[in-house]
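Everything below concerns the one structure shown next.
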Amino acid sequence: MAKVRLENIKRKFNNVTAVEDITFEIPDGQFWVLVGPSGCGKSTILRTIAGLETATSGNLYIGDLLVNNIPARQRDVAMVFQNYALYPHMTVAQNIAFGLQMRKVDAQVIQQRVETVARSLALEHLLERKPKQLSGGQQQRVALGRAIAREAQVFLLDEPLSNLDAQLRDDTRAELKQLHHNLGITTIYVTHDQVEAMTLADRIVILNRGRIQQIGEPQSVYAKPANRMVATFLGNPPMNILPGKYKNGTFLVESQVIPCPMRVRDALRLAEGQVVDLGIRPEDLFINELQTNKEVTTLTVEVRLVEPLGRETLIRAGLPSSSVQVNIQQAGAIRLCLGDRISLGLDLEQLFIFDAT
Ligand code: ADP
151 MAKVRLENIK RKFNNVTAVE DITFEIPDGQ FWVLVGPSGC GKSTILRTIA GLETATSGNL
211 YIGDLLVNNI PARQRDVAMV FQNYALYPHM TVAQNIAFGL QMRKVDAQVI QQRVETVARS
271 LALEHLLERK PKQLSGGQQQ RVALGRAIAR EAQVFLLDEP LSNLDAQLRD DTRAELKQLH
331 HNLGITTIYV THDQVEAMTL ADRIVILNRG RIQQIGEPQS VYAKPANRMV ATFLGNPPMN
391 ILPGKYKNGT FLVESQVIPC PMRVRDALRL AEGQVVDLGI RPEDLFINEL QTNKEVTTLT
451 VEVRLVEPLG RETLIRAGLP SSSVQVNIQQ AGAIRLCLGD RISLGLDLEQ LFIFDAT
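My numbering puts the first residue of the sequence shown at 151, with every later residue one more than the last.
Laid out in structure tokens, this is it:
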């Protein structure tokens, strides 16, 4: 196990800067997730840590060792790829053993380690099969098994669940979390899926266009997003963004008036007439009846779509030019028709203000 430290890592491909200013330190044994939209630089960072890419500038440490010039196979990291990269002509046991054989580990030790790893991943009954005789989830476990067998100091996982169907993905995600809990190996995990990021990570690193946007515990990043990109990236359905104009201690949103909360007035120096984006999470809007103890305001909207999802109901509503999504938990009690004009309650404590884009 080891900590991993990146200092000002930058990677350019010809004229294109894939990532820059990448600085963070992952403490020994933690599970960090690099998350962001496609092309934001996640894989480039992971591959640089693995030694499959060379940073254009910056320093990379694994443990206390500067590894900038140390080749991939000497870095003591194990990488699991999206497509698992198993050897098709080898059995599961041979795939798991391969890295150890390359290091000339004693045959008896290899056999023991393969058995232990297979047991921890429930692969014992599959050891003699070839990869093509396995399901996607089983192949994924073999790829993990190969990494575990090597007893690497750091695990690097690049979208390891993206080839699995939804149910298997949920199950395997839970297994991965349990596995990390048991093994305690420093793990860096790349995904574009915010649910994976939120559920797996000790810390998430949110990237956009090659730069870090925010680093933190998933819940605190969700509660206090640093900017609009982070706010709209985390959350499903995503945060609603409404363009507004600051005027006389209020925000004008189309023809409606939303009071500017004190904390916002204190924190931001808003100029009269300044255009801003108001952010409201779908779960922070409610059908206007409850929660009178909070500082609330109302938005009048027209119902455009009602989507019952069992325990909850999603409503899309118009303002009229902009639209909002509302996530109502008490599904059964709501009877709404398309075209209804309703008042939505908004807890002002939960209102976010961002610079207009
Ligand atoms: P992500 O993993 O977040 O999808 P990548 O790290 O793969 O993003 O890519 C980041 C950026 O770097 C993208 O603009 C991509 O086109 C570019 N890039 C990645 N690898 C190469 C390469 N080998 N040559 C040129 N450009 C690359």
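Glycine included, each C-beta is placed from N, C-alpha and C at the ideal position.
Residue j beta carbon less than 8 Å from that of residue i
| i | j | result |
| --- | --- | --- |
| Val380 | Gln406 | no |
| Leu276 | Val242 | yes |
| Val340 | Ala297 | no |
| Val451 | Leu384 | no |
| Pro458 | Asn390 | no |
| Phe174 | Leu202 | no |
| Ile172 | Ile195 | yes |
| Lys160 | Ala205 | yes |
| Pro368 | Ala351 | yes |
| Lys280 | Pro310 | no |
| Ile199 | Val227 | yes |
| Arg378 | Phe504 | yes |
| Val414 | Asp497 | no |
| Ile246 | Val304 | no |
| Leu357 | Cys190 | yes |
| Asp490 | Val453 | yes |
Beta-bridge pairing of residue i - partner residues as DSSP gives them
| i | result |
| --- | --- |
| Val403 | Gln406 |
| Leu464 | Glu457, Asn477 |
| Gln364 | Ile356 |
| Ser493 | Thr450 |
| Ser516 | The requested residue 516 does not occur in the structure, where the chain is confined to residues 151 to 507. |
| Leu307 | Val230, Tyr339 |
Neighbour-count burial assignment, residue i, 16 or more Cβ in a 10 Å radius
| i | result |
| --- | --- |
| Arg225 | buried |
| Gln289 | buried |
| Gln328 | exposed |
| Leu215 | exposed |
| Lys192 | buried |
| Val166 | exposed |
Cβ of residue i within 8 Å of any chain B Cβ
| i | result |
| --- | --- |
| Leu250 | Note that chain B does not occur in the displayed structure, where there is just one protein chain. |
- request: Assess, as a yes-or-no matter, whether the stretch 410-426 is touched by the stretch 376-395 under the definition of 3 or more beta carbon pairs within less than 8 Å.
  value: yes
Distance cut 5 Å, beta-carbon to the ligand GDP heavy atom: residue list by chain order: Here the bound small molecules are the ligand ADP; the ligand GDP is not part of this structure.
- request: Mind the definition here: the stretch 174-188 touches the stretch 327-338 only if three or more C-beta pairs lie below 8 Å; say whether that holds.
  value: Verdict: yes, contact present.
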